[in-house]
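To keep things clear, I will list the structure first and then write my remarks on it.
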Amino acid sequence: MTASIATNQTILVVGGGISGMTAALEAAECGKQVILVEKTPTLGGRTAQLYRYFPKMCHPTCGLEINLRRIKGNPNVKVMTMTEVTAVAGARGNYNVTLKVAPRYVNENCTACGDCGKAVTTEVADVFNYGQGKTGAKVKAAYLPHVMAYPQRYVIDPSIVGTPEGEAAKSACKYGAVDLGMKEETVQLNVGAVVWATGWRPFDANKIQPYGYDRYANVITSVEFERLADPHGPTGGKILRPSDGKEAKNVAFIQCAGSRDENYLRHCSRICCMATLKQTQYVREAFGDEGKSTVYYIDIRAIDRFEDFYAKVWQDKTVSFVKSKVARIAENAANGNPVLHGVDTEGYHRYATEHDLVVLAVGMEPEVKGVKLPDDIVLDSSSFIEGSKDGGMFGAGAAASPLDVNRAVQSATAASLKAIQVIHKSASTEAA
Amino acid sequence: MAENKFAAYICSGCGIGDVLDVKGLEGTAKKDGKMAEVKSHPFLCNAEGVQLIKDDIANNGVTHVCIAACSRRAKTEAFNFPEVAVSRANLREGVIWVIAEGSDHDEIRQEMAEDYVRMGCAEVKKMALPDGNLKESSSKRILVVGGGISGMTAALAAADAGYEVVIVEKTGELGGFARNLVKRVPFSGPYAEPQATGVEDMAAKIGANSRITVHLNSTLAETAGAPGRFKAKIAQESGAITEELVGAIVQATGFTPYDVNKLTELGGGQDNVVDQAGLEALAKSANGGVIKRADGKEVKSVVFVQCAGQRGSGGNGNGHHLEYCSGHCCATSIKQAMYFKDANPDVDTVVMYSDLRVPGMGEDFYRSAQQKGVIFTKSKVNKVAGGGSCKVDFKDLILDEDTSVDADLVVLATGQVPNAGVNLDKWTEIVTLADGGDAAAKAQTIEMKKGSVLNLEYRQGPDMPQFKYGFADSHFICFPYETRRTGIYAAGPVRRPMDMLQAQEDATGAALKAIQAVENVEKGRAAHPRAGDLSFPKARLEGCTQCKRCTVECPFGAIDEDEKRFPVFNEERCRRCGTCMGACPVRVISFENYSCDTVGSQIKAVNVPDEFEEKPRILLLACENDAYPALDMAGLQRLTYSAYVRAIPVRCLGSVNTIWITDSLNSGYDGVMMMGCKHGDDYQCHFVKGSELAGYRMSKIGDTLKQMGLEEERVITHEVAITDHERVAKLINDYVAQIQEIGLSPMKF
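Those sequence lines, one after another, are chains A and B.
Using this note's numbering, read the first sequence as starting at 185 and increasing by one per residue.
Using this note's numbering, read the second sequence as starting at 24 and increasing by one per residue.
Here's what the structure looks like:
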C-alpha cells in the first residue's frame, strides 16, 4: 500500500527513543509534518528502561510523560510502532521509503483493560526487563510492554498466535481489539528528509571472554543492573544476584567493558563512567553503609559539571576506585563469587579480589551495526551514522555518537533543524 | 455567539458498568451536573462512541463536553474535540481500578464516581475554549548575540531554514575564540590529525548570505519586549544606536579562559608558563615551523598540565579555582602536543593528567598522539616554576613517587568561564536593597548593569538566570534548552563547558528552538513544556492590589510592572504554569480553561457527607505531570487506596491558590493533600519554582488554620515522583487513617 500521509515536505524520523521523539517533536512544534517510526511496540527506547538519570537521580519517565503529552497533543506527528525501514530510494528532498509493519495482533480498540493478559498463561522473555539476559524476567504472552507504554495498547506475542492461548486472549477481549489475523504490511512513503535516531544497544558481553559473562551467573551487565535496582523491575528493586538470589552487597563495576579496546569497540562510550557512579548510589540506596562498590577504571570521564557528581561519589566511604583494567574473572566455586584478577596500576600490585556480583559497564554499540542501511549513508569506523552523501539524511543521538541523554537530545534537536533545512530548500525550489 | 450547551458522556466499558451504577451516574450528571445532554455508551472510545460525541457537537449544538470514562491521560487521541471545551472525569484509573473490589465498597465507590462526575460537569461549565494569544504581527527574525563559532553556526543554520538573522558581535570581526586557533580538534573521521577551523569559510558564507545582517563592534544596549516582538537597541563602538525588531534570541557569547595569572601555585604569570590560548599564539607565529618561546628560544621540551585550576573539590584536579571540568582541554592539549611533534618529532611532549577525558571518537585522536610519541603521565602536579628553565614538581601516580621534570615550556590547561552577564540572584539582592533606599546599592546596580550581555528590560533582571557556576544552562536532562527565559536560548560554552564540535551542534539546536519560539508566537501558543497550549493568563486589573507577588514569583520573568506597579503581562514570555494565579491573593488572574473557578467549582461540587456519616473527604491536588500519572499507574497496577479522596490534577503546585484550601476546609473537607515535584538543588519541577513556592505558601497556612480552629495536619504537602506508584497509594491511605484519628472536621454543616 502507498500511504498518502506523507509528501516530500514530510520528515521521517527512524527510532522512537528519546532522540527520535525529540527530533520528531521539535520539528513538529516548528509546524512541520513528521512520521515517527519505531521498531518495538512502544516509544521510549532505552531511556525508559533506566531507573534513574545521572546526575540528578531523577526518573526518566518524568521526561517521557512530557514527551508523550507533546505527542498526544500534536497532530503534526504520526507515530507508527512495530515498524522498520527496509529500503530508501530517491535522493535528498524526495525519498521513497519502504516500511515493514509487523503485526501487533491488537488493534486501536484496545483499552489496556488487561483482560487478555489475564486469560493467557504462556510466558515469554520480558524484553523491557532484559529478560532474555541475566534477569530472566518473564511476561505474559499478551502484555503491555511497561506501565508507561505508549501507545497504551497490549501486544500479543507471535508465539501464541494460532494456538489455543491466542484464541483465549481473543475471546477474553470485550472490545474486539485482539485480531489474530493481522499480517505483516509493507508501506511506501514519500518524504523529504530522514533523521536516523536508531540509538544504541549494549555491547554483547559474551564477546569479552576473559570476563566470563557466559560462564558465571554473577557477572551481569550494567543495563541488567539498572533493572535490578528499579522498584518496578523483576526483583522489586532488590539487588539480588542471579546464582542464588542473595543480596549482593559487595559489587564490582568494571569500566570500559568492550569500550576503548580495538578488539571490541574502538571508541569510548562516554556514558559508562557516569552510569557506574550513579549505580554505586543504587548500592548505597539499597544497603546504606553496609553496601560496598568497587570501581575498576582506566580514566573516570565525568565531563563538565558531571565532575560534581564524581566528587560526591568520591567522598562516599562505600565506594572505592581501583585504576586497573581487570585482566580476567574467575569464580569461587564454593560460594559463586566472582574473583577479579589484575594489576592496580597505582603502585603496581597484583590483586585477586572477590565480590558478590560483578557489573560490566558495557559499551554502546550502534543499533544499526551489521544492519543493511541505504548505500548513501556514511558511517564512522564504529558504525555511528555521520550522515548521508546527498545531505538529506542525518544521524541523531546515540545513533550518531555515544552520548548521554542530555547530549542525545541536543544532537536530536540539531538534526531536526538540518531536516527542516532540507524541507525548506525543496519547498523553495518548487516554488521558484 | 451561539449559546453554550453542556453534555456529559459516560462510558460503561472496561468494567465501569460492572461495578458502578451507570444509570445513577447519568442521573447525577443531569441533576447535579446540570447537563443538557447525558448519554452513556458501552465502549465510548471506539469509533461509534466517538462519533456519537462528534454528531452532538456538529448537529446538536453541544459546546462543552464532560467525558466520564478513563483518565485524561488515556485515549487522548480518540477524545480529541478541539472545537469544544472538554473535561474528563476519571472513573477508570481514578475509581474502579483503585477502590477495593467487593460489595462492601459499593456505596463509597459509587459516591466517589458520582463526585467525579459532578466535578467534571462543574469544571467544564467554567471552561472556555482558549483562542490563543494572537497579535497582529510578529517578527520571525532571529537575533544571534556573539559571532564566534557557536554564533556563526546558529546564524547559518537559521538562515538555511529560511529565517532572517541579525548577528551582534562585540569585536571587529567574526570568528571569536576559534579565530586565534591554528587548528581544531578533529570532528570527522579518521580522528587522527588536527583539522582546519573553517572560521574564514564560515565568515565568508555569512558575508555572502543575504538573510544575515552583521553588526560588528557592537553590543546590546537594551533588549525590550518579548518573543515575537523584541526591540533590540544595538550600540556601536562609536555610540550610534541601531534598532532591530527580532522574534527570538540565541545567546552565543562564549567563554573567557580562566585567568592564568591566578594560578600562582602552577607558575601562572611566570615566564614560559602559558595557558592553551598562549600556546596557540606561539604556534601561530611559528606558522608550521618549530615553535619558539616568547624569548625566541626553540622549545625542545614541553609539559602540559591538565585540569589546571579545575576539578577543585574532587581532589583529582590541579588546584582549587573552578569546581568543574571544562571537557575540551584533554583533546586540546593532545592537539597542541601534536603541533610540536608534527614540526619536530624530537620535541619531548608530556601530558600530565589525572583522568584523560577524550570520549567517543576522541579515543582515536588519543591513540594517534601516542603513535606520534606524546607521553601521558598520570600524575598530580604539586608545583610549577617558570623561567629560563621551567621545573614541574609532581607525584607520579603510577610509580607512586614524588619527582620532577624540567621543560622549556609549560602549558596550563585552564578552564572555561562563561560570558553569561549579570548573576540574577545577586542582582535581585542588590535591587531589593536599592528599592529600600540604599544609595550604595543603587550605584551598584548601575555598575552591575555594565556587565550585562542582553540588557533585558525585564523586571527580574537584565540577563538569563544562571545555573550552577554561572552557566546559562538548563536544569533538565531531557530538555537541554528548557531555560527560564522563553524565546532566549543559550548555545555553546556560555551554556555549559564544551568543545567546538559540541558547541556547533548546540548552536544548531538552539537555532531550532529560536525558530520554534517565533512560530509558536505567531500562532499564539505556548512554548515547552506546555507546547501548543492556547490558553494564557488574563488579569482583571481593576481588582488588583499591586502586591507584586505575581511579578516576583513568575519563574519565567514574564510579568513586568507599570509605573503604578500594576502587573504588565508579556504573554509571549509566559509558559502557562499558573504560578501567578496561585500567587494572587485577590484571585484576579485566570486562564480560559484553568482558573480559580474551574478548580474551585470542582471542590464545591463534591458532596461532603455530614459528620454522622463518618465518611471523611480528602482533597488531593496533584501535579499533572508526575503525581497524577503516578496515581494513574497505581490504578493500572490495581493498587488500592481510600475511596474518601478526591483528586484534581493541577498544572503545577505553583498554581494552587490558597483559596482552594480554605474553601475546601470551610465547606467541610477533612483534609487537603498536595503532591508536587521535588524541590531544592536537584529540583524536578518543570516550572522550576512551582513546587517550592507551594511549599512556602503552605508553610504560612498554619495561622489561617488556627483561626479556623483546625489542626495543622489538615493540610499536608508531599514531594512525589512519577515512579511513586505504590507510595502515592500508601500516602493517601496513611493520611486518611491519620485524619480519622484526629477526627472529622468540625466545619461540616
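Backbone N, C-alpha and C fix where the C-beta goes; we use that ideal spot for every residue, glycine too.
As the structure is a prediction and not an experimental result, all values here were calculated from the model.
Residue i to residue j span [Cα, whole Å]
i, j, result
"A/M332", "B/G725", "38 Å"
"B/Y347", "A/D492", "7 Å"
"A/P244", "B/R111", "26 Å"
"A/R253", "B/V188", "32 Å"
"A/H483", "B/L379", "Position check: residue 483 of chain A holds Asp in this sequence, whereas His was assumed. Cα to Cα, the separation comes out at about 6 Å."
"B/M696", "B/K561", "28 Å"
"B/R95", "B/C603", "24 Å"
"A/K556", "A/E469", "43 Å"
"B/I582", "B/C573", "7 Å"
"B/N756", "B/A653", "15 Å"
"B/G6", "A/A381", "With chain B covering only 24 through 772, there is no way to say anything about residue 6 of chain B."
"B/L676", "B/A540", "25 Å"
"B/G292", "B/A317", "13 Å"
"B/T279", "B/T437", "10 Å"
"A/S610", "A/G575", "12 Å"
"B/S624", "B/S618", "10 Å"
Backbone secondary structure at residue i - three-state DSSP
i, result
"A/N519", "coil"
"B/S427", "strand"
"B/M770", "coil"
"B/M698", "strand"
"B/L644", "strand"
"B/A151", "coil"
"B/M604", "helix"
"A/V555", "coil"
"B/I122", "coil"
"A/P244", "helix"
"A/Q499", "helix"
Residue i beta carbon near the ligand NAP (any heavy atom closer than 6 Å)
i, result
"A/V527", "Inclusion of the ligand NAP in the displayed structure is not the case, the ligand content being empty and no account of it being possible."
Contact list for residue i against chain B, beta-carbon separation under 7 Å
i, result
"A/Y630", "The requested residue 630 of chain A does not occur in the structure, where chain A is confined to residues 185 to 616."
"A/K256", "T99, E100"
"A/Q336", "A97"
Chain A contact residues for residue i, given Cβ-Cβ distances below 8 Å
i, result
"B/K536", "E210, T597"
"B/K491", "R489, D492"
"B/Q660", "V331"
"B/Y32", "The premise fails here: B/Y32 is roughly 15 Å from chain A at the closest Cβ pair, so nothing lies under 8 Å."
Proximal residues of chain A, C-beta to C-beta of residue i below 7 Å
i, result
"B/F66", "Y359"
"B/Q707", "C242, C246"
"B/A554", "E213, R254"
Per-residue contacts from residue i into chain B (C-beta, under 8 Å)
i, result
"A/E549", "Chain B residues near A/E549: none, gap ~13 Å exceeds 8 Å."
"A/G247", "F499, I500, C501, F502"
"A/Q289", "Reading off the sequence shown, one finds Tyr at residue 289 of chain A, where the question assumed Gln. Those within 8 Å of A/Y289 in chain B number zero; the least Cβ separation is about 18 Å."
"A/P586", "P382, G383"
"A/C214", "L535, I538, Q539, E542"
Bridge-paired residues (DSSP) for residue i
i, result
"A/Q217", "A/T194"
"A/Y481", "A/K507"
"A/K476", "A/N434"
"B/T400", "B/M375"
"B/I684", "Looking at the DSSP assignment, B/I684 forms no beta bridge with any residue, so it has no partner."
Cross-chain neighbours of residue i in chain A, by beta carbon under 9 Å
i, result
"B/S211", "D564, E570"
"B/A744", "C242, H243, T245, C246"
C-beta neighbour in chain C for residue i, strict 7 Å
i, result
"B/E528", "In summary, chain C is missing from the structure at hand, where the protein chains are A and B."
At least three beta-carbon pairs within less than 8 Å, the region 224-234 of chain B to the region 299-318 of chain B: no
At least 3 beta-carbon pairs within less than 8 Å: the region 62-71 of chain B vs the region 24-39 of chain B: yes
Sufficient close CB pairs (3 or more, under 8 Å) joining the region 603-615 of chain A to the region 391-405 of chain A: no
Three-pair Cβ contact test at 8 Å for the region 344-361 of chain A versus the region 251-271 of chain A: no
Inter-stretch contact (C-beta, 8 Å, three-pair minimum) for the region 591-609 of chain B and the region 487-498 of chain B: no
Segment contact, 8 Å Cβ cut-off, at least three pairs: the region 361-381 of chain A with the region 203-211 of chain A: yes
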